[in-house]
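Asker: Residue numbers (the numbering used here), protein chains in the order written: chain D, 188 to 404; chain Z, 20 to 290; chain P, 6 to 705.
Ideal placement from N, C-alpha and C gives every residue a C-beta, glycine not left out.
The model shown is predicted, which means the values in this text are computed figures rather than measured ones.
Structure below; questions to follow.
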Amino acid sequence: MHDPDAPDHDDAPSGLTRRNFLTRAGAAGIAGVAASIPLAAALAEGVPEATDAAPDIPGTVPIALRVNGATLRMRIDPRATLLDTLRESVHLTGTKKGCDHGQCGACTVHVNGERVNSCLRLALMHEGDDITTIEGIGSPDALHPMQAAFVAHDGYQCGYCTSGQIMSAVALMKEPCGPRDSDVKELMSGNICRCGAYPNIVAAIQDVRGNSPMRQG
Amino acid sequence: MKTALSTLEMRRATSVAEALEILRDEPRMPIAGATDVYVGLNFGTLPELRYLDIWALDELRTITVNEDVLVLGALATYTMMVASALVQERLPMMIEAARQVGGPQIQNRGTIGGNIANGSPAGDSLPVLAACDAVVVLQSAGAERRVKFTEFYTGYRKTVMRRDELVVAVEVPRVSGRQWFRKVGTRAAQAISKVVVAGVRGEGARIAVGSIAPTVIRLTATERALATGSLDEAMVALRGEVNPIDDIRSTADYRKRVTENLVRRFWTETA
Amino acid sequence: MTTAVGQSVSRKDGIGKATGATKYADDLHFPGMLFGRTIRSTIPCGRVKSIRMDFDTSGFTIVDYRDIPHRNVVALIDEDQPYLVETEVRHMAEAIVLLAHEDREKLLGANVVIEYEEAEPVFDPERSPHSFKDITIEKGDVEDALASAEIVVEGTYRTGHQEHVYIETNGVIAVPEHGGIALYGSLQCPFYAYKALRSVLGNDHPLRVIQTETGGGFGGKEEYPSMIAGHAALLAVKSGRPVKIIYDRVEDMVATTKRHPSIVRHRTGLTREGRLVAMDVDVILDGGAYSTLSAVVLSRGCIHAAGPYRCDNVKIFGRAMFTNTPPNGAFRGFGAPQTEFAMEVHMERIAEQLGMDSLTLREMNALRPGDMTATSQVLKQDASALECLQEAVRRTDYRRKREELKGTNRGIGLALFYHGAGFTGAGEQRLASKARLDLTATGARIMVASTEIGQGTRTMHAQIVSDALGVPYETIEVAQPDTSVVADSGPTVASRTCMVVGKILERCALEMKERLEGMTPAQYHAKHGAFSIVKEHIQPEWMRWDDDNYQGDAYATYAWGCDVAEVEIDRDTYEVRPVKVTAVQEFGRPIHPALAMGQIEGGTVQGLGYALLEHVVMKNGAMANPTLTNYTIPTTLDTPELDIVMLENHYDGGPFGAKGLGELPMDGPAPAVVNAIRHLGLDLRDIPAIPETLIACASL
């Protein structure tokens with residue numbers, strides 16, 4: 188008997204016993220920062236200083252990543268995803284993990300200006316690339332127009348998918364996309380919002396694009 | 020079993036020639052967009068630990084026409100195909116298929132070569148290639164061979180590829196006749212296929228179906244019946260050559276009936 | 006005069022969420038933190054024979070039931086669920102052993118070998134020998150009325166599981182502090198988790214629970230966080246170090262609660278003209294392996310089972326059955342979406358059998374002010390079933406479309422529904438929720454345990470206080486819920502956060518305003534310093550509830566709705582696509598129109614997913630499709646045009662006339678969609694209406 192698309196088939200219900208082969212960079216982050224930081228630091232903004240003094244933890248590999256314009260040198264587990272590396276080694280937690288599967292879009296970041304699911308990327312494959320995260324497009328004091336539009340149109344509820352929605356929306360601005368709401372919806376279909384803020388998200392994007400939102404299909 | 024940290028090992032190729040030399044010398048899984056590989060990795064179902072990153076091989080990221088053959092470089096992404104005037108002109112059904120693969124983030128990274136090599140029976144572009152008599156171009160160090168797409172798969176996720184070979188392109192001869200494509204997924208977007216039908220109506224009919232067998236299949240008996248007999252006879256032939264299964268996404272009965280309905284629709288709409 | 010209430014003011018949480026600055030549980034890190042992992046059962050029923058650690062245990066903290074300092078029971082309603090299996094396994098993915106380590110790779114690599122003695126599981130609720138709870142609601146004499154009814158219509162309706170799929174999975178961090186535990190977590194009900202931790206750890210340790218920003222709940226973070234909080238706390242107590250447990254998506258889908266599947270049977274007696282004379286309803290919910298909240302989910306389900314209709318003779322008998330599956334739990338709507346689905350599809354079938362128009366049938370029987378519900382509650386002026394129905398019909402040109410679309414690939418269907426706001430019966434009285442308002446140097450700070458989970462708690466509470474206190478909205482702060490500092494305003498569930506907690510806050514603000522004697526907060530603060538006002542919920546004095554006989558005023562008030570769904574079918578593939586949904590809903594008054602609209606849109610989208618897409622495949626007692634690839638929820642492309650109408654009919658007991666809204670929108674979409682599919686000619690009585698079900702459906 189055949190078994191279309193086996194990875195998805197085989198894991199269930201053995202999701203209980205499966206082995207996750209991926210480390211999440213945690214033990215091998217930037218020296219002196221990753222091991223333990225207090226809540227205050229965890230809540231602090233900004234990218235930690237890059238350091239060349241990362242210790243040579245066995246099994247880890249050195250990598251230099253360009254994130255939001257800064258080059259960061261660190262050692263990571265070779266299997267670390269870009270998502271985990273951003274969150275745990277670079278300490279940029281605005282990019283979220285929703286499914287580890289490329290289905291929800293919460294982890295969307297830009298690689299050389301193009302949007303990708305960072306949970307499906309190995310960090311190792313992105314040495315030399317320009318990586319942009321939600322923290323890199325705007326800040327509370329200087330919102331990106333798309334961030335401002337999401338706030339103005341209530342294009343979010345719980346906020347967990349919002350970074351990914353906004354990163355997709357910003358990328359969409361440079362992609363070929365027709366003027367209609369349905370065109371926007373097709374190009375936003377890689378980002379799931381369980382709160383169902385979809386109409387407001389479309390309205391926010393259309394606002395930034397200069398199209399009047401129709402609030403319809 | 021526990022895997023030591025250092026066992027996932029990645030090499031990055033900077034040219035096709037280098038990639039082929041590496042593959043000649045040591046078994047490695049080539050990865051590019053990594054959109055399928057990573058799902059397998061995340062779920063521990065992929066035993067592979069040595070990889071060859073070929074994403075940087077821009078020489079494979081091409082879409083051209085050569086002597087009336089559309090050549091899709093292995094690293095052509097879905098996004099590239101959707102935007103390509105050549106694909107639009109020659110293989111519009113591929114554009115329909117590409118637009119329905121994952122979300123735009125996946126389309127930006129997923130490649131035609133990856134879809135072919137990964138060989139999921141649910142791969143959305145595969146019925147298109149099967150229906151248009153595409154040819155897969157395989158290279159190894161110092162050699163090249165061409166394999167008919169319809170002879171590329173030997174079983175569930177099994178292909179004729181040797182471990183030292185790389186899919187470098189897929190060639191699509193000019194398709195004469197009307198192209199038709201329909202994906203039945205689990206929702207409107209970002210869906211895994213339950214049935215995919217790609218058809219070409221020229222002199223006769225060429226019909227390929229995905230997600231209903233261990234590999235994408237051509238409905239050869241149905242095609243023959245359509246060429247010579249009536250639609251009803253074709254349906255009898257179809258029932259004889261389509262034997263899908265139940266799984267967590269759909270049922271055998273549904274797949275069978277829907278395949279039948281869609282082939283019927285293909286024939287009616289392309290008349 | 007209101008200046009904040011009724012306006013779509015800027016949300017308190019917008020900037021943080023739009024910039025990625027907001028911290029959720031997994032974004033926090035504490036010094037010396039370990040990561041926790043749960044070793045779970047791989048059989049649905051049996052006993053643990055042996056447990057063996059097949060790995061190098063150095064550096065690991067290992068916890069089993071023997072490490073529990075106090076009681077091995079998740080304190081909720083009935084005390085039947087253990088934190089950790091002792092010997093008896095009742096369902097797949099039941100927690101048996103807990104591990105913690107600072108290196109997640111080592112943690113994931115640890116192999117725990119468990120031997121079981123398997124027993125025969127029960128998966129079918131109808132064949133289960135054990136009911137967690139039986140409920141009977143009886144009014145008049147149903148058997149007599151059925152016997153004399155001119156027409157009797159019967160039918161059975163089924164609904165499946167539904168998974169919450171909050172995009173942030175369950176996660177907590179237990180941090181040792183002052184000889185006790187501070188528990189940070191993604192949760193709806195900080196005091197539920199607090200009480201649960203007391204039960205597992207005992208009374209010797211200081212404890213507090215802090216809600217971290219929560220990436221969606223929908224009921225899924227009502228009771229389950231008590232479990233994961235207990236696990237993290239046990240590991241933290243044993244290791245003396247902070248322990249973070251974040252479920253991945255598969256674990257969250259396999260192990261945590263879902264909406265209860267249901268089987269509802271109707272036997273309905275009518276006059277030939279279509280007047281309801283007898284309703285006999287049998288409700289079965291699949292509770293799963295432990296009682297959790299099943300008794301109260303059943304209660305709300307049964308109370309809503311007769312729909313928004315008047316009938317003198319009603320009997321509703323409900324049971325929540327044991328099965329060897331992971332416990333089902335709270336999910337937006339809490340039993341009502343299941344029973345109202347059955348009622349509304351049944352109404353359509355009644356109309357078909359009477360050969361009458363289902364609108365007329367509904368109009369004739371809809372509850373009006375002064376009418377009595379199934380529990381003999383007399384409705385007040387704020388009952389709006391007819392208004393919702395009429396507006397929905399007018400707005401969609403329903404009668405004409407129903408005729409026009411006949412025989413095409415488009416169908417249109419409708420559902421009329423209602424939803425009781427707040428806890429059932431005397432529940433709010435028992436809860437006796439408190440709210441506190443602190444005067445600050447610039448305004449006031451709201452100190453309640455009600456959580457922001459995306460629905461707008463902070464913003465809406467601040468609006469209420471702003472207007473009641475007569476100060477600008479911007480000067481109102483909202484404290485992050487921390488059980489050591491905020492008042493216990495009760496759980497953030499049951500559409501009670503605006504209506505019940507908001508009302509207490511309004512009273513706090515009004516008293517604070519009196520105390521200010523015309524001064525601004527700043528002036529008063531400068532002169533006299535800060536002060537706090539604490540108020541407790543006051544149950545409306547007219548409410549009477551008999552919990553033994555399920556009679557009386559089940560809810561202080563109800564919100565009302567009528568949804569119209571237009572769908573399109575592909576007759577070759579049996580795919581049904583929603584084309585447009587019109588939702589006319591009355592919930593008193595919107596405090597924040599944009600937020601209220603968002604609640605209706607979001608609930609409607611979840612309802613559409615429930616109706617058409619969301620299929621939990623169970624195999625051997627566990628979810629067999631626990632990924633977002635294979636359990637499909639609506640994307641933006643699956644979301645049709647939504648036309649939302651908010652009718653107003655003020656409820657005097659709510660703040661500024663508001664009622665509860667959060668759950669109402671979940672009740673209507675599924676029956677409206679299935680009735681639209683019936684209009685297409687398919688005799689569908691179950692959801693999810695996936696193409697595989699529809700292709701096997703009989704034609705009407």
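For Glu668(P), count neighbouring Cβ atoms within 10 angstroms of its own Cβ and tell me buried if that reaches 16, exposed if not.
Answerer: Its Cβ being crowded by 16 or more others within 10 Å, Glu668(P) is buried.
Asker: What's the call for Glu408(P), buried or exposed, on a 16-neighbour Cβ count within 10 Å?
Answerer: Counting Cβ neighbours within 10 Å, Glu408(P) comes out exposed, since fewer than 16 surround it.
Asker: Cβ of Ala293(D) less than 7 Å from any chain P Cβ?
Answerer: So, interface residue.
Asker: Using 10 angstroms around the beta-carbon of Leu689(P), count the other beta-carbons present and answer buried if the total reaches 16, otherwise exposed.
Answerer: Buried is the call here.
Asker: Can you find a CB in chain P that lies within less than 7 Å of the CB of Thr280(D)?
Answerer: By this cut-off, Thr280(D) is an interface position.
Asker: Helix, strand or coil, according to DSSP, for His297(D) in the structure here?
Answerer: Residue state, collapsed to three classes: strand.
Asker: Any idea what DSSP makes of Leu112(P), helix, strand or coil?
Answerer: Helix at Leu112(P).
Asker: Excluding the 5 residues preceding and the 5 following Ala4(Z) in the sequence, name in chain order all residues of the same chain whose CB lies nearer than 6 Å to its CB.
Answerer: As displayed, chain Z neither begins before 20 nor continues past 290, which places residue 4(Z) out of reach and without an answer.
Asker: Are Ala4(P) and Arg57(P) touching if we call contact CB-CB under 7 Å?
Answerer: The structure shown has nothing for residue 4(P), since chain P only spans 6 to 705.
Asker: Buried or exposed: Ala561(P), going by 16 or more other Cβ atoms within 10 Å of its Cβ?
Answerer: Buried, because 16 or more other Cβ atoms sit within 10 Å of the Cβ of Ala561(P).
Asker: Take the Cβ of Pro696(P) as the centre, count every other Cβ of all protein chains shown within 10 Å, and call the residue buried at 16 or more, exposed below.
Answerer: Pro696(P) should be labelled buried.
Asker: Express the C-alpha separation of Thr239(Z) and Tyr121(P) in angstroms, rounding to a whole number.
Answerer: Rounded to the nearest angstrom, the two C-alpha atoms are 51 Å apart.
Asker: Decide yes or no for the touch test of the stretch 443–453 of chain P against the stretch 596–611 of chain P: beta carbon pairs closer than 8 Å, at least 3 of them.
Answerer: Cβ pair count under 8 Å is below three, so no.
Asker: Please state the DSSP three-state secondary structure of Leu705(P).
Answerer: Three-state DSSP puts Leu705(P) in coil, outside helix and strand.
Asker: In the stretch 354–439 of chain P, which residue ranges form an unbroken alpha helix (DSSP H) of at least 4 residues, counting only runs that do not cross its ends?
Answerer: Fully enclosed alpha helix (DSSP H) runs of 4 or longer: 363–370, 390–401, 403–409, 432–436.
Asker: Would you report the Cα separation of Asp287(D) and Val56(Z), rounded to the nearest angstrom?
Answerer: In a straight line, the C-alpha of Asp287(D) is about 12 Å away from that of Val56(Z).
Asker: Please list the segments of the beta strand (DSSP E) lying wholly inside the stretch 214–262 of chain P, counting only runs of 3 or more residues, in order along the chain.
Answerer: Qualifying beta strand (DSSP E) stretches, in chain order: 248–251.
Asker: Check whether the Cβ of Pro265(D) lies closer than 7 Å to any Cβ atom in chain Z.
Answerer: Interface residue, yes.
Asker: Could you name the residues of chain B that Thr319(D) contacts, counting a contact when the two beta carbons are closer than 7 Å?
Answerer: Protein chains in the displayed structure are D, Z and P, and chain B is not among them.
Asker: Going along the chain, which residues of its own chain have a beta-carbon closer than 6 Å to the beta-carbon of Val395(D), five neighbours each way excluded?
Answerer: Closer than 6 Å at Cβ, skipping near neighbours: Pro332, Met333, Ala336.
Asker: So, Phe40(P) versus Lys249(P), is the Cβ gap smaller than 7 Å?
Answerer: Yes, the Cβ-Cβ distance between Phe40(P) and Lys249(P) is below 7 Å.
Asker: Helix, strand or coil: how does DSSP classify Asp487(P) here?
Answerer: Here Asp487(P) sits in strand by DSSP.
Asker: Do Ala663(P) and Thr380(P) have their C-beta atoms closer together than 7 Å?
Answerer: No, these two residues do not count as a Cβ contact at 7 Å.
Asker: Could you check whether Pro140(Z) and Arg233(Z) sit closer than 7 Å to each other, using their CB atoms as the reference points?
Answerer: Position check: residue 233(Z) holds Pro in this sequence, whereas Arg was assumed. Their beta carbons are under 7 Å apart, which means Pro233(Z) touches Pro140(Z) by this criterion.
Asker: Kindly list the residues whose CB is nearer than 6 Å to the CB of Val214(P), restricted to its own chain and excluding five residues on each side of it in sequence; keep chain order.
Answerer: Cβ within range, chain order: Leu188, Pro195, Ala198, Tyr199, Thr488.
Asker: At least one CB of chain D closer than 7 Å to the CB of Met29(Z): is that the case?
Answerer: Yes, its Cβ sits closer than 7 Å to a Cβ of chain D.
Asker: So Leu510(P) and Ile596(P) are supposed to be a Cβ contact under 8 Å. How far apart are they, rounded?
Answerer: The Cβ separation is near 11 Å, so there is no contact.
Asker: So what's Met602(P) in DSSP terms, helix, strand or just coil?
Answerer: Residue state, collapsed to three classes: helix.
Asker: Expressed to the nearest angstrom, what Euclidean distance is found between the alpha-carbon atoms of Ser212(Z) and Val102(P)?
Answerer: Rounded to whole angstroms, Ser212(Z) to Val102(P) spans 38 Å at the Cα level.
Asker: Hey, how far is the Cα of Ser15(P) from the Cα of Thr8(P)?
Answerer: So the two alpha carbons sit approximately 13 Å from each other.
Asker: For Glu275(D), which option in Phe35(P), Val78(P), Ser204(P), Thr141(P) has the closest C-alpha, if you only look at C-alpha atoms?
Answerer: Among Phe35(P), Val78(P), Ser204(P), Thr141(P), the Cα nearest to that of Glu275(D) is on Phe35(P).
Asker: So is Met360(D) buried or exposed if we call it buried at 16+ other beta carbons inside 10 Å?
Answerer: The residue is exposed, with fewer than 16 neighbouring Cβ atoms inside 10 Å.
Asker: Restricting to Cα atoms, I'd like to know which of Gly220(P), Ile289(P), Leu421(P) is closest to His351(P).
Answerer: Ranking the options by Cα distance to His351(P), first place goes to Leu421(P).
Asker: What separation, rounded to the nearest whole angstrom, lies between the Cα atoms of Met258(P) and Glu168(P)?
Answerer: Going by the C-alpha atoms only, they are around 7 Å apart.
Asker: Does any residue of chain P bring its CB to less than 7 Å from the CB of Asn85(Z)?
Answerer: Judged by the 7 Å Cβ criterion, Asn85(Z) is not in contact with chain P.
Asker: Please list, in chain order, the residues of the stretch 251–284 of chain Z that have any C-beta partner in chain P closer than 8 Å.
Answerer: Answer set for the stretch 251–284 of chain Z: Ile267, Arg268, Ser269, Thr270, Asp272, Tyr273, Arg276, Val277, Asn280, Leu281, Arg283, Arg284.
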